[in-house]
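Peer 1: In the working numbering, the protein residues as written are 1129 to 1311. The structure is given below, and queries will be raised subsequently.
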Amino acid sequence: MSDTPEAPFEPDPEPWHPPEDDADELPTDRAVLEIPQPVRPIDWNSLSAEEAEAEWRDLDEWVDWLRRTYGLPATIVPPLWHRHDELVWELSALQTHWRECYDPNSSGSAPLQWHHDFTEARARLREWVSTCGTRIDRDRPTRQTPWPGEADAGTTAENPIPNRRADFEQFLAEDAAARKSTK
1129 MSDTPEAPFE PDPEPWHPPE DDADELPTDR AVLEIPQPVR PIDWNSLSAE
1179 EAEAEWRDLD EWVDWLRRTY GLPATIVPPL WHRHDELVWE LSALQTHWRE
1229 CYDPNSSGSA PLQWHHDFTE ARARLREWVS TCGTRIDRDR PTRQTPWPGE
1279 ADAGTTAENP IPNRRADFEQ FLAEDAAARK STK
């Protein structure tokens, strides 16, 4: 510590202003002008057919990476996850969280937070898979419990899964047709 008193703070007499740019010197290359978009959650209910197809393919690729990277069994990520809304919403949220945590501008500890949250998400996924009843080799629509006054939807038969990739492509076509018919 010094015995000399500190000089009082004096603001700059002139406020700082950014230098003026000449508009003719602005970059015109599209790649240079692109601003990275922030990570955003996907609202699957509001997508157009074209937007949905791109998002479905992106999520499918990420889910495939996730299950292979972490060795996830079908009791957590089953082959026909895309046919079960509860799994779609959970996996989509997990993907969004992963992207946010692994963004180059995230904090260094964000990946640890993702792994912590991934542990909880795996428990929820296991519960969703158990509830909906989909398996590695067969699938059925998620059973709906009717409320008093609603008609019972009845039981739905399980269908074998001969080819997961073919089913996904069929699902995309069905999803696009349904989205186009509601517009």
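Where a beta carbon is used, it is the ideal one built from N, C-alpha and C, also for glycine.
Could you round the C-beta distance between L1222 and A1180 to whole angstroms and report it? I think they count as a contact, below 8 Å.
Peer 2: Contact flag wrong, Cβ pair sits at about 18 Å.
Peer 1: For R1211, is the classification buried or exposed, using 16 other Cβ atoms within 10 angstroms of its Cβ as the cut-off for buried?
Peer 2: The C-beta of R1211 has 16 or more other C-beta atoms within 10 Å across all chains shown, which makes the residue buried.
Peer 1: Using the beta-carbon count (16 or more within 10 Å), is I1170 buried or exposed?
Peer 2: So I1170 counts as buried.
Peer 1: If you run the structure through DSSP and keep just helix, strand and coil, what is R1292?
Peer 2: helix
Peer 1: Alpha carbons only, please: which of D1192, L1215, R1307 and E1214 is nearest the one belonging to R1292?
Peer 2: D1192
Peer 1: Which residues in the same chain have their Cβ closer than 8 Å to the Cβ of A1285, if we skip the five residues on either side of it in sequence?
Peer 2: Taken in chain order, the residues that qualify are R1268.
Peer 1: Give every residue of the same chain whose Cβ lies closer than 7 Å to the Cβ of W1226, excluding the five residues on either side of it in the sequence, and list them in chain order.
Peer 2: W1242
Peer 1: Where does T1262 land, buried or exposed, given buried means 16+ other C-beta within 10 angstroms?
Peer 2: Here T1262 is buried, its C-beta having at least 16 other C-beta atoms within 10 Å.
Peer 1: Under the rule that 16 or more other beta-carbon atoms within 10 Å means buried, what is L1219, buried or exposed?
Peer 2: buried
Peer 1: Using C-beta distances below 7 Å, list every residue in its chain close to R1266, excluding the 5 sequence neighbours before and after it, in chain order.
Peer 2: Excluding residues within five positions, the ones whose Cβ falls inside 7 Å are E1286, N1287, P1288 and I1289.
Peer 1: Need the endpoints of the alpha helix (DSSP H) that W1275 sits in, please.
Peer 2: It is not in any alpha helix (DSSP H) - W1275 carries neither H nor E in the DSSP assignment.
Peer 1: With DSSP as the reference, label R1268 as helix, strand or coil.
Peer 2: coil
Peer 1: Please name the residue in A1202, A1294, V1167 and S1309 whose C-alpha comes closest to that of Y1230.
Peer 2: V1167
Peer 1: Taking the C-alpha atoms as reference points, what is the distance between G1199 and V1257?
Peer 2: 16 Å
Peer 1: Looking at R1254: is its Cβ nearer than 7 Å to the Cβ of I1204?
Peer 2: yes
Peer 1: Give me whichever residues DSSP pairs with N1287 in a beta bridge.
Peer 2: DSSP lists D1267 as the bridge partner or partners of N1287.
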